[in-house]
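These protein sequence lines map, in sequence, to chains A and B. Residue numbers for the first sequence follow this note's numbering, beginning at 4 and rising by one. Residue numbers for the second sequence follow this note's numbering, beginning at 307 and rising by one. First up is the structure itself, then whatever we jot down about it.
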Amino acid sequence: MDSIKYCNEVLARVESLMYQELSGMAYWKCEFVGTDFIRSKNIEGKNVAEIAESCIKEMVAAGIVKDIKCSTGGDGMMLKLKVKGCMHHAKEVLVRAEGVNPYICPVANMILDQIHEKLKYETSYLAKLAIDEKTQTCLTYLALYETADKIGHVTDWLKGDEDLDFLHSQPSQILASEDRKAQK
Amino acid sequence: MTDTEFLEILKSRKSIRRYKPDPIPEEMIDKILEAARWAPTGENYQPWRFIVIRDQETRNKIGDLSRQGSGSRMTAWYCLNELQQRFEGISDPVKRAEVLEFMYSGRVSEFCKQAPVVIALIGDLRVGSVDVPYDLCAAMENMILQAHAMGLGSCWVYGPVASTRDAIRFKDILGIPQGMGYYKVLSYLAVGYPKEQRKHPRPKMPLEDMVYWEKFGNKERI
């Protein structure tokens with residue numbers, strides 16, 4: 004039995020059903036999916052980069068991902084992950100086949116969870132998940148708020164971003180924008 | 307009351323986010339809750355439970371959580387250049403910038419600090435109903451309409467419980483038992499005498515754009 008295929012099929016069903024029931028709200032409900040694995044590991048680090056690195060090391064060792072490249076921006080409020088060879092990639096393909104833009108990323112959830120657990124960040128948000136089926140690559144943009152007063156501090160996260168075309172080929176999470184314009 | 311008068315109550319309702327500090331009489335609160343009690347509920351399970359909050363400190367905590375919930379998402383959307391798309395219709399750049407700042411700062415959801423009454427609406431998931439979220443939404447709508455019919459303003463707020471992590475915090479603030487199988491936190495209702503007169507009516511889609519007859523997509527009345 005291909006247990007990875009089996010797990011991805013189960014996850015894809017749950018993800019599609021959640022979206023059917025909650026619409027876009029489902030994006031905000033699944034932040035704990037995947038965190039049990041990382042909580043079972045001894046993740047250490049004094050800052051976001053070290054925590055992310057420690058998580059990635061465990062995920063690579065377990066075969067969850069082949070490689071993750073991290074970069075930060077937005078005055079330390081944005082963490083970008085470029086994920087290659089994720090074991091959940093087949094799940095994303097199945098979810099898309101149902102007409103749903105994938106929104107559950109266990110890999111991002113794990114890193115965010117440990118930033119909360121170890122660095123006691125106030126809040127966070129998985130702001131963007133972009134998937135390229137051909138290259139089996141995912142992009143995630145994570146918003147990190149160390150303290151509540153960081154909310155509202157805005158910068159251009161995409162300035163000089165080399166993955167702009169990839170990112171813009173994905174649907175926006177603010178799905179209503181086109182409809183709103185049409186109503187005016 | 308005629309059916310036309312009833313429809314007028316529905317059509318004149320608007321979400322109010324600015325309130326006078328005047329306290330709400332107990333009888334009015336009771337009527338709002340009574341209206342909720344008569345909402346439709348699957349198999350009459352009545353899973354709704356209400357927490358009426360007037361304590362300023364508690365309202366401040368909920369207001370801060372609301373600000374964080376909305377602000378954390380909208381800050382990210384702005385930084386990804388997506389939030390701006392939602393407000394392209396505002397031609398005045400100064401006004402547009404003000405509105406955007408109001409949104410991404412999270413202040414858009416902070417107003418329960420000023421509302422004299424906040425009613426948290428939660429559902430008991432153990433009472434056997436399969437319709438809890440839908441029952442709760444019906445109860446919420448009844449409360450909104452009753453408040454409006456009495457001249458009060460209200461706003462249905464989801465911000466502080468949108469994410470699972472924030473819903474846990476919300477439960478902590480109000481002492482609601484944790485555990486995914488116990489209570490669902492739907493949202494809260496902020497209530498008070500309106501301090502603002504919002505532009506009304508806001509544009510609504512015409513019926514012909516949303517009604518199909520007999521089969522999906524058929525706009526011809528048969």
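Glycine included, C-beta positions come from ideal geometry on N, C-alpha and C.
Beta carbon of residue i nearer than 9 Å to that of residue j
| i | j | result |
| --- | --- | --- |
| P439 (chain B) | S372 (chain B) | no |
| E61 (chain A) | K44 (chain A) | yes |
| A151 (chain A) | Q374 (chain B) | yes |
| N104 (chain A) | G37 (chain A) | no |
| C33 (chain A) | I114 (chain A) | no |
| S127 (chain A) | L147 (chain A) | yes |
| A445 (chain B) | A342 (chain B) | yes |
| L129 (chain A) | Y30 (chain A) | yes |
| Y494 (chain B) | I330 (chain B) | no |
| K83 (chain A) | T75 (chain A) | yes |
| D441 (chain B) | P346 (chain B) | yes |
Own chain partners of residue i with C-beta closer than 6 Å, once the 5 adjacent residues on each side are dropped
| i | result |
| --- | --- |
| I54 (chain A) | G48, Q117, I118, K121 |
| K69 (chain A) | K87, G88 |
| I528 (chain B) | W519, E520 |
| R324 (chain B) | K501, E502 |
| R508 (chain B) | none |
| D182 (chain A) | Any reading at D182 (chain A) must be qualified, since the residue scores a pLDDT of 49, below 50, and its modelled position is unreliable; the value itself is stated next. Answer for D182 (chain A): no residue qualifies. |
| S321 (chain B) | C461 |
N-terminal and C-terminal residue of the alpha helix (DSSP H) that residue i is part of
| i | result |
| --- | --- |
| G369 (chain B) | 362 to 385 |
| S493 (chain B) | Careful: S493 (chain B) lies outside any alpha helix (DSSP H), inside the beta strand (DSSP E) at 489 to 498. |
| T470 (chain B) | 470 to 480 |
| A426 (chain B) | A426 (chain B) -> not in any alpha helix (DSSP H); beta strand (DSSP E) instead, spanning 423 to 430. |
| K317 (chain B) | 309 to 318 |
| M446 (chain B) | 438 to 455 |
| T38 (chain A) | 38 to 42 |
Chain-order list of residues whose beta-carbon lies under 8 Å from that of residue i (same chain, five-residue window excluded)
| i | result |
| --- | --- |
| Q186 (chain A) | Interpretation of Q186 (chain A) is limited by its pLDDT of 44, a score under 50 that renders its predicted location unreliable; no figure is taken from the coordinates. |
| F35 (chain A) | N112, D116 |
| I7 (chain A) | M90, A93 |
| L25 (chain A) | K32 |
For residue i, the first and last residue of its enclosing beta strand (DSSP E)
| i | result |
| --- | --- |
| A130 (chain A) | 126 to 135 |
| I357 (chain B) | 354 to 359 |
Close Cβ partners of residue i (< 7 Å) along its chain, the five nearest in sequence each way excluded
| i | result |
| --- | --- |
| A496 (chain B) | F417, C418, A421, V424, S460, C461, V463 |
| H92 (chain A) | Q139 |
**OP:** Could you list the residues in the region 121 to 134 of chain A with a C-beta less than 8 Å from some C-beta on chain B, going in chain order?
**Re:** Cβ contacts with chain B: E125, T126, S127, Y128, A130, K131.
Subject >> Cβ contact check for the region 351 to 362 of chain B and the region 424 to 434 of chain B: 3 or more pairs under 8 Å >> reply: Touching, yes.
Subject >> At least 3 beta-carbon pairs within less than 8 Å: the region 386 to 397 of chain B vs the region 477 to 489 of chain B >> reply: Judged by Cβ distances under 8 Å, the region 386 to 397 of chain B makes no contact with the region 477 to 489 of chain B, as fewer than three pairs qualify.
Subject >> Cβ-based contacts, 7 Å cut-off: residues of the region 454 to 476 of chain B near chain A >> reply: Cβ contacts with chain A come from A468, S469, T470, R471.
**OP:** Would you be able to state if there are at least three C-beta pairs under 8 Å between the region 94 to 114 of chain A and the region 4 to 21 of chain A?
**Re:** Yes, the region 4 to 21 of chain A is in contact with the region 94 to 114 of chain A.
Original post:
If contact means a Cβ-Cβ distance below 9 Å, which residues of the region 137 to 164 of chain A contact chain B?
Top reply: Across the region 137 to 164 of chain A, CB contacts with chain B closer than 9 Å involve Y144, L145, A146, Y148, A151, K153, I154, G155, H156, V157, T158, D159, W160, L161, in sequence order along the chain.
Original post:
Is the region 449 to 466 of chain B touching the region 156 to 172 of chain A in the sense that three or more CB pairs, one from each, lie closer than 8 Å?
Top reply: With a cut-off of 8 Å on Cβ pairs, the region 156 to 172 of chain A is not in contact with the region 449 to 466 of chain B, counting fewer than three such pairs.
Original post:
Is the region 467 to 474 of chain B in contact with the region 359 to 369 of chain B, if contact means three or more CB pairs nearer than 8 Å?
Top reply: Using a C-beta cut-off of 8 Å, the region 467 to 474 of chain B makes no contact with the region 359 to 369 of chain B, since fewer than three inter-stretch Cβ pairs fall below that distance.
**OP:** Could you please tell me which residues of the region 24 to 49 of chain A, in chain order, have their CB closer than 8 Å to any CB of chain B?
**Re:** The region 24 to 49 of chain A vs chain B, Cβ under 8 Å: M28, W31, K32, C33, E34, F35.
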